[in-house]
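For reference, the structure discussed in these notes is given below.
There are 2 protein chains.
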Amino acid sequence: MEPLLTLERYLPYRLSLLSNKISETVAKTYKDKFAISITEWRIMAVLGEYPGISADEVSLKTHIEKSLISRAISKLLKRKLLCRNISEDDKRRSELVLSNTGYEVYEEIVPLSLEYERKFLASLSQQEQEVLSSLIDRLSQHAESISL
Amino acid sequence: MEPLLTLERYLPYRLSLLSNKISETVAKTYKDKFAISITEWRIMAVLGEYPGISADEVSLKTHIEKSLISRAISKLLKRKLLCRNISEDDKRRSELVLSNTGYEVYEEIVPLSLEYERKFLASLSQQEQEVLSSLIDRLSQHAESISL
DNA sequence: CTAAAATAGTTGCTATTGCAACTAATGTCA
DNA sequence: TGACATTAGTTGCAATAGCAACTATTTTAG
Numbered sequence: 041m042e043p044l045l046t047l048e049r050y051l052p053y054r055l056s057l058l059s060n061k062i063s064e065t066v067a068k069t070y071k072d073k074f075a076i077s078i079t080e081w082r083i084m085a086v087l088g089e090y091p092g093i094s095a096d097e098v099s100l101k102t103h104i105e106k107s108l109i110s111r112a113i114s115k116l117l118k119r120k121l122l123c124r125n126i127s128e129d130d131k132r133r134s135e136l137v138l139s140n141t142g143y144e145v146y147e148e149i150v151p152l153s154l155e156y157e158r159k160f161l162a163s164l165s166q167q168e169q170e171v172l173s174s175l176i177d178r179l180s181q182h183a184e185s186i187s188l
Numbered sequence: 041m042e043p044l045l046t047l048e049r050y051l052p053y054r055l056s057l058l059s060n061k062i063s064e065t066v067a068k069t070y071k072d073k074f075a076i077s078i079t080e081w082r083i084m085a086v087l088g089e090y091p092g093i094s095a096d097e098v099s100l101k102t103h104i105e106k107s108l109i110s111r112a113i114s115k116l117l118k119r120k121l122l123c124r125n126i127s128e129d130d131k132r133r134s135e136l137v138l139s140n141t142g143y144e145v146y147e148e149i150v151p152l153s154l155e156y157e158r159k160f161l162a163s164l165s166q167q168e169q170e171v172l173s174s175l176i177d178r179l180s181q182h183a184e185s186i187s188l
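Heads up: the sequence lines are chains A and B, in that order. Following my numbering, the numbering of the first sequence begins with 41 at its first residue and continues without gaps. Following my numbering, the numbering of the second sequence begins with 41 at its first residue and continues without gaps.
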């Protein structure tokens with residue numbers, strides 16, 4: 041009856057704790073300051089980068105399931121943080137952009153986000169940060185190939 | 041209206057994607073092969089390591105909220121994967137252990153888990169794996185200090 | 001010794017999740 | 001052209017999450 045696994049040292053578990061801790065901290069700030077969820081923020085973030093894309097493209101870029109995207113977009117539309125057009129050439133598709141208000145909020149949240157990233161990485165040297173970044177890229181790419 | 045943030049390159053986001061991808065893959069296997077959720081598995085894993093601890097200690101060790109722990113334990117008790125005693129010296133506390141069946145399942149899942157860990161890390165050299173492990177430790181420790 | 005505070009665990013309630021079914025529009029191919 | 005498949009987006013529903021309130025004990029202080 042020896043323990044066969046040390047959960048505390050199990051890498052997927054540790055990665056999950058770290059990621060959740062960071063996400064929760066950031067989420068709390070977005071929620072407290074802007075009443076916006078992480079899902080909503082990710083939608084706004086990709087629309088800041090790719091104005092005019094469809095809900096489906098938002099789903100692909102954020103890796104968020106399309107029903108969540110649909111509901112989050114409704115909410116953001118109600119709050120007038122987004123604008124939606126129906127595409128001329130394909131009436132199923134929407135064309136989404138940040139509204140003026142939405143862009144103002146975006147401009148406020150972005151520096152906050154970057155500051156969080158900086159803070160979380162602050163215990164690592166510049167070089168270590170680059171190593172980490174590259175390791176994550178490689179692991180992500182590899183993980184894709186495993187979980188087909 | 042320039043994009044101010046590249047979500048794809050935002051580290052907390054990338055970390056979250058990686059962690060979710062791994063967790064989902066592992067979770068699917070546990071669910072398909074053993075009809076066990078990640079929460080249930082984490083409970084079993086800490087009980088394999090620390091037989092006889094209380095629900096509260098399980099909650100602390102897994103970082104899972106105590107109502108989730110309570111409900112998951114009920115389920116595991118119904119399936120006879122755990123045994124529960126009321127502590128003699130403190131009648132509020134439970135003393136939880138894996139049942140014989142529970143331990144058998146544990147013994148089956150552990151090698152599977154370790155194999156997943158190995159597979160996900162397989163694209164890194166031994167040395168890189170150690171670097172990653174140490175970076176995660178340092179980031180986790182630092183993240184704790186930030187989000188007080 | 002006793003009243004108040006703290007702790008272990010359970011349960012109620014609401015919000016979020018995510019799959020699947022559905023509608024509407026477009027694409028494919030005989 | 002016209003049936004069939006595919007795609008974009010929405011909605012229904014069941015499962016899960018997590019906060020807060022509650023019960024039952026135990027601990028602490030006066």
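Cβ coordinates follow ideal geometry from the N, Cα and C atoms, glycine included.
Contacting positions in the stretch 104 to 121 of chain B - beta carbon closer than 9 Å to chain A
Of all residues in the stretch 104 to 121 of chain B, none has a C-beta nearer than 9 Å to a C-beta of chain A.
Less than 8 Å between C-beta atoms, sequence neighbours within five positions excluded: which residues of the same chain meet that for isoleucine 78 (chain A)?
In the first sequence, counting from the first residue as 1, residue 78 (chain A) sits at position 38. Around isoleucine 78 (chain A): Ser63, Val66, Ala67 and Tyr70.
Take leucine 161 (chain A) and list the residues in its own chain whose beta-carbon comes closer than 7 Å to its own, dropping the five residues that flank it on each side. The residue given as residue 161 (chain A) occupies position 121 in the first sequence. Excluding sequence neighbours, leucine 161 (chain A) sits near Gln169.
**Item:** Near-chain A residues of the stretch 49 to 67 of chain B (beta-carbon distance less than 9 Å), N- to C-terminal order
**Value:** The residues in question are Arg49, Tyr50, Leu51, Pro52, Tyr53, Arg54, Leu55, Ser56, Leu57, Leu58, Ser59, Asn60, Lys61, Ile62, Ser63, Glu64, Thr65 and Val66.
| Are the beta-carbon atoms belonging to leucine 58 (chain A) and leucine 138 (chain A) less than 7 Å from one another? | Numbered from 1 along the first sequence, position 18 holds the residue referred to as residue 58 (chain A). Numbered from 1 along the first sequence, position 98 holds the residue referred to as residue 138 (chain A). Cβ atoms of leucine 58 (chain A) and leucine 138 (chain A): not closer than 7 Å.
Does DSSP put glutamate 168 (chain B) in a helix, in a strand, or in coil?
Along the second sequence, one-based indexing puts residue 168 (chain B) at 128. In the structure shown, glutamate 168 (chain B) adopts helical secondary structure according to DSSP, grouped into three states.
Quiz prompt | For tyrosine 146 (chain B) and glutamine 167 (chain B), the rounded distance between their alpha carbons | solution = Here residue 167 (chain B) is taken as the residue at index 127 of the second sequence, counted from 1. Here residue 146 (chain B) is taken as the residue at index 106 of the second sequence, counted from 1. When the Cα atoms are used, glutamine 167 (chain B) and tyrosine 146 (chain B) turn out to be separated by approximately 30 Å.
query = beta strand (DSSP E) containing arginine 124 (chain B): first to last residue?
reply = As a working mapping, residue 124 (chain B) is identified with position 84 in the second sequence. Following the DSSP letters along the chain, one finds arginine 124 (chain B) inside the beta strand (DSSP E) bounded by residues 122 to 126.
* Over what stretch of residues does the beta strand (DSSP E) that includes serine 63 (chain A) continue unbroken? -> As a working note, residue 63 (chain A) is residue 23 in the first sequence. Annotation: serine 63 (chain A) is outside any beta strand (DSSP E); the continuous alpha helix (DSSP H) that includes it extends over 51 to 74.
ask   = Where does the unbroken beta strand (DSSP E) through glutamate 135 (chain B) begin, and where does it stop?
value = Walking along the second sequence from the start, residue 135 (chain B) turns up at place 95. For glutamate 135 (chain B), the uninterrupted beta strand (DSSP E) segment begins and ends at 134 to 138.
For glutamate 128 (chain B), which of B:Leu116, B:Leu121 and B:Ser94 has the nearest alpha-carbon?
-> Your numbering for residue 128 (chain B) matches position 88 in the second sequence. Checked all of B:Leu116, B:Leu121 and B:Ser94; the closest Cα to glutamate 128 (chain B) is B:Ser94.
Secondary structure at aspartate 177 (chain A), three-state DSSP: helix, strand or coil? Your numbering for residue 177 (chain A) matches position 137 in the first sequence. Helix at aspartate 177 (chain A).
Original post:
Beta-carbon of arginine 8 (chain B) versus every beta-carbon of chain A: anything under 7 Å?
Top reply: With chain B represented from 41 up to 188, any question about residue 8 (chain B) goes unanswered, as that position is not in the structure.
Review point. On the premise that lysine 118 (chain B) lies in contact with glutamate 80 (chain B), defined as a C-beta separation below 8 Å, what is that separation, rounded to the nearest angstrom?
Key: Reading the second sequence from its first residue, position 40 is the one you call residue 80 (chain B). Reading the second sequence from its first residue, position 78 is the one you call residue 118 (chain B). Incorrect: roughly 11 Å between the Cβ atoms, too far for contact.
>> At a CB distance below 9 Å, what residues from the stretch 66 to 91 of chain B approach chain A? Give them in sequence order.
In response: Of all residues in the stretch 66 to 91 of chain B, Val66, Lys68, Ile78, Arg82, Ala85, Val86, Gly88, Glu89, Tyr90 and Pro91 have a Cβ within less than 9 Å of some Cβ in chain A.
Q | Exposed unless 16 or more other CB atoms sit within 10 angstroms - verdict on threonine 141 (chain B) | A | Numbered from 1 along the second sequence, position 101 holds the residue referred to as residue 141 (chain B). If you draw a 10 Å sphere on the C-beta of threonine 141 (chain B), you find fewer than 16 other C-beta atoms in it, and that means exposed.
For leucine 152 (chain B), go through chain A and note every residue whose CB falls closer than 9 Å to its CB, in chain order. For the purposes of this step, residue 152 (chain B) is taken as the residue at position 112 of the second sequence. Neighbours of leucine 152 (chain B) on chain A: none; closest Cβ ~10 Å, over 9 Å.
Measuring CB to CB, does leucine 51 (chain B) end up less than 7 Å from glutamate 157 (chain A)? Taking the second sequence and counting its residues from 1, the one referred to as residue 51 (chain B) is at position 11. Taking the first sequence and counting its residues from 1, the one referred to as residue 157 (chain A) is at position 117. In contact: leucine 51 (chain B) and glutamate 157 (chain A) (Cβ atoms closer than 7 Å).
Q: Would you give the residue range spanned by the alpha helix (DSSP H) that lysine 115 (chain A) belongs to?
A: Locating residue 115 (chain A) in the first sequence gives position 75, where the first residue counts as 1. Note, lysine 115 (chain A): alpha helix (DSSP H), 106 to 118.
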